[in-house]
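Reading the sequence shown from the start, the letters are residues -16 to 709 in our numbering.
We treat Cβ as the ideally placed atom computed from N, Cα and C, and that holds for glycine.
Values in this document were obtained by computation on a predicted structure and should not be read as measured data.
Right, one structure below, let's go through it.
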Amino acid sequence: MRWKLPWPKLAGAGISGPAGDEQPDGWQRHVEALQQAGIPEPGAPVQGRRPATVAEEQALYGVAPSFVELLPWVEFLPESKAMLLEDGQSVAAFFELVPLGTEGREPGWLAHARDALENALQDSFDELDENPWVLQLYAQDEPSFDQYMQTLCDYVQPRARGTAFTEFYLRFFRHHLRAVAKPGGLFEDTVVTRLRWRGQTRRVRMVVYRRATGQASRRGQTPEQMLNIVCDRLCGGLANAGIQARRMVAADVHDWLLRWFNPRPAMLGPSTEDRERFYALARYPDETEAGEIELASGQDFSQRLFFGQPRSDAESGLWYFDGVPHRVMVTDRLRTPPSTGHLTGETRKGDAINTLFDQLPEGTVMCLTLVATPQDVLEAHLNHLAKKAVGETLASEQALQDVQEARSLIGSAHKLYRGSLAFYLSGDNEDELDRRGLQLANVMLNAGLQPVREEDEVAPLNTYLRWLPCVYNPGADRKQWYTQLMFAQHAANLSPAWGRSRGTGRPGITLFNRGGGVITFDPFNRLDRQMNAHLFLFGPTGSGKSATLNNILNQVAAIYRPRMFIVEAGNSFGLLADFAARLGLTVNRVKLAPGSGVSLAPFADARRLIETPSDVQTLDADALDEEQPDDPANTDTDEQRDVLGELEITARLMITGGEDKEEARMTRADRSLIRQCILDAARQCVAADRDVLTRDVRDALRERGHDTTLPDTRRTRLLEMADAMD
């Protein structure tokens, strides 16, 4: 086998011929082939550059300033339901509040509730000189009804679960909620609120935290124990004011912040359904089982929230999440004292009844931050201001007067804290964000709030970060540039704890309030009623009475699958009956009209008085007008029907024809005789094994009318009543 040498074979001992006769090597042939194809020699564009330095090599491992690294959320501790912050010691608690309904409330009631809320804010926190407690309240309108739909699905009764009617109703109602939550609103309310109406849920969240110093407390308590003690006091005070608080878990906090920092994820598609599917897939992972070790991903709670790189524009002061611009607008000062429910409470404004928060742009998030500052420190600060307020100028005189008034209020159990009010804005683009910023500024000015102008904001990017949950550190704000003095009463008035009623939270029947939120209650649930519930629905022609009743009956049928009897004069429920029959419900129609051949037996239940007397409640004639005491033995069972009393009412209607004069003639003795005749007719029909008809009661009255043992007046009256029933 012959081997090919890697070098050219020489002819003889020396090189013969001129240098131009040398054969080109492989690299030259490769370069020539590239040149013939119009491609330059490899490496030619970068020749002559200096080699990289060590500093440039080290720069490869550097990182740019990170938005995520400035967020303090490290890990959620499931045992204590607290969020561990970046220092490894401080913890924070997250709550969701159910606002207090303000519709139709009198000023005295609102003032009493405001005082209770003020006491909860100023009596729950220990006033510390170093690292004081911080309370943050967030309010926003969310177009998502996922939490309500989960509650509705869980509330369906076992006998109705899985049926065709119920499943169709749940699917239809979920589609309906998505339709009414369309951007821009569904319609314009020109009568009450004078604003666009949109299906949405107003969510109010509360954050409580304190920066730990590393030093043990007086009682040797851990930061988690101190946090739980303060939260228990605060929740008790809020409950005294009628405000419900629910401790949020890791999944709740993650879902809230995930939607905040990922407003328009495009990984699964651009539609709303694709975004909801993304949120469902990216939700907080399920809790690990006992003994199972969590994945060592090296990512903290903050990093898990981001699926895209945030971008900032320092020149315009905007943050971009998923390409959506965000900014914050801070309140400079309060121009006028706020009233009760100033921002989120429903009040009258001219001819309209709405809340100031309803007038804010879509997607606005309100943040009220309150720092529990020691009163002696504030008093020293006020004394310092009083010493500086010298001179005869109007400003100095006004400052001195304000200081004196503040000192008198502090002495009358109205604490003075430091606080800040900020509003987060977002828009599809910069132009829309500018329009929304102008709209927000106008609403704030009309509400007595002086906003910081955009051109006066020194560091808007930092301001956006500062008022995020748990970010503000009072210990780092030595100059107190970012908070202002605020009375606890004013903070209570500005808080989003005021709102619209949401019902009882049991979705047997679901309606909407004026703000687009759901109102849920259930008259079939014993927790929502004290006795049998009755509904009186009235309104002018064409106002939607029949449509409302159809809606309520649809919901009751889907939740309970009961047996319903509908008696109507028209055909308002005909389509409902057809709809129910198509989805598997049994529907029986009976039409009462002349010549229809249908007769009713209004006294059919009289057989029960003889067959099962222990299952019905019977009142004596002497006890008809007496108030019946409550029987505690019947509290756990359905109320017994007074069957005999119901049958007596039926007979009296037939006898008197509903006329007032005839009803006035009816004495207690007449009512007792009617009851006895009903029982006589029932005994005869049970013996004959047939239903009790109206003629049986009439015959019993006539038979008693011929009883010679009765006085003539009684016999005459019985015959009159028998003739009236013909």
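* To do: Please classify Glu642: is it buried, with 16 or more other beta-carbons within 10 angstroms of its beta-carbon, or exposed?
  => exposed
* Would you identify the three-state DSSP class for Trp56, choosing helix, strand or coil? => coil
* To do: Use the C-beta contact count for His13: other C-beta atoms within 10 angstroms, 16 or more gives buried, fewer gives exposed.
  => Label assigned to His13: exposed.
* Please determine, among Pro506, Met649, Gly306, the residue with the shortest C-alpha to C-alpha distance to Arg489. => Pro506
* Asked: In the DSSP assignment, what are the bridge partners of Lys644?
  -> Paired residues: none, contrary to the question.
* To do: Could you pull the start and end residues of the beta strand (DSSP E) that Gly402 belongs to?
  => 399 to 409
* Asked: Does the segment 52 to 69 touch the segment 419 to 436, meaning 3 or more C-beta pairs lie closer than 8 Å?
  -> no
* To do: State yes or no: is the C-beta of Asn223 within less than 8 Å of the C-beta of Ala147?
  => no
* **Option nearest Gly482 by Cα separation, candidates Ile542, Ile212, Glu345, Thr327** => Looking at the Cα atoms, Thr327 is the closest of the given residues.
* Mind the definition here: the segment 329 to 343 touches the segment 92 to 111 only if three or more C-beta pairs lie below 8 Å; say whether that holds. => no
* At least three beta-carbon pairs within less than 8 Å, the segment 668 to 685 to the segment 585 to 593 -> yes
* Run through DSSP, which three-state label would Asp619 get? -> Caution is warranted here: a pLDDT of 40 is assigned to Asp619, below 50, making its placement in the model unreliable, and the coordinate value is therefore given only provisionally. Of the three classes helix, strand and coil, the one that applies to Asp619 here is coil, per DSSP.
* Grouping DSSP H, G and I as helix and E and B as strand, with all else coil, what is Leu288? -> helix
* To do: Just mark Asn245 as buried or exposed, buried being the case when its beta carbon has 16 or more other beta carbons within 10 Å.
  => buried
* Three or more C-beta pairs closer than 8 Å, one from the segment 392 to 411 and one from the segment 302 to 318: is that the case here? -> yes
* Asked: Taking 8 Å as the CB-CB cut-off, is Glu207 touching chain B?
  -> In the structure shown, chain B does not exist; there is a single protein chain.
* Could you tell me the distance, in whole angstroms, from the CA atom of Thr85 to the CA atom of Glu69? => 39 Å
* Asked: Whose C-beta lies closer than 8 Å to the C-beta of Leu536 among residues of the same chain, with five residues either side of it excluded?
  -> Met547, Ile549, Phe556, Leu559, listed in sequence order.
* Heavy atom of the ligand ZN within 7 Å of Gly167 beta-carbon -> With respect to the ligand ZN, the structure offers nothing, as it holds no ligand at all.
* Hey, quick one: how far does the beta strand (DSSP E) through Trp464 stretch, first residue to last? -> Counted as a single uninterrupted DSSP element, the stretch harbouring Trp464 is not any beta strand (DSSP E), since DSSP gives it neither H nor E.
* Check each candidate in Phe562, Leu592, Glu551 and name the one with the smallest Cα separation from Val573. => Glu551
* To do: May I ask which residues mark the beginning and end of the alpha helix (DSSP H) holding Cys214?
  => 206 to 223
* Asked: Per DSSP, what kind of secondary structure is Cys350 in: helix, strand or coil?
  -> strand
* Alpha carbon to alpha carbon, how far is His158 from Met708? Give it in angstroms, no decimals. => 54 Å
* Asked: Curious, which full-length alpha helix (DSSP H) runs of at least 4 residues does the segment 324 to 379 contain?
  -> For the alpha helix (DSSP H) assignment, the uninterrupted runs of no fewer than 4 residues enclosed by the segment 324 to 379 are, from N- to C-terminal side, 358 to 371.
* Asked: Who are Gln227's beta bridge partners in DSSP?
  -> Val81
* Asked: On the premise that Lys398 lies in contact with Ala480, defined as a C-beta separation below 8 Å, what is that separation, rounded to the nearest angstrom?
  -> The pair is not a contact, with the Cβ atoms about 17 Å apart (cut-off 8 Å).
* Under the three-state DSSP convention, the category Gly26 falls into -> coil
* Asked: With respect to the beta strand (DSSP E) encompassing Thr692, which residues constitute its N-terminal and C-terminal limits?
  -> Premise fails: Thr692 is in no beta strand (DSSP E) and is neither H nor E.
* Asked: For the putative contact between Pro357 and His473, defined by C-beta atoms under 8 Å, what is the C-beta separation to the nearest angstrom?
  -> That belief does not hold up - the Cβ atoms of Pro357 and His473 are roughly 19 Å apart, past 8 Å.
* Report all residues from its chain with a CB closer than 7 Å to the CB of Ile336; omit the five preceding and five following residues, and keep chain order. => Val175, Thr176, Glu329
* **Of the listed residues Thr487, Thr446, Val46, nearest to Thr503 (C-alpha basis)** => Thr487
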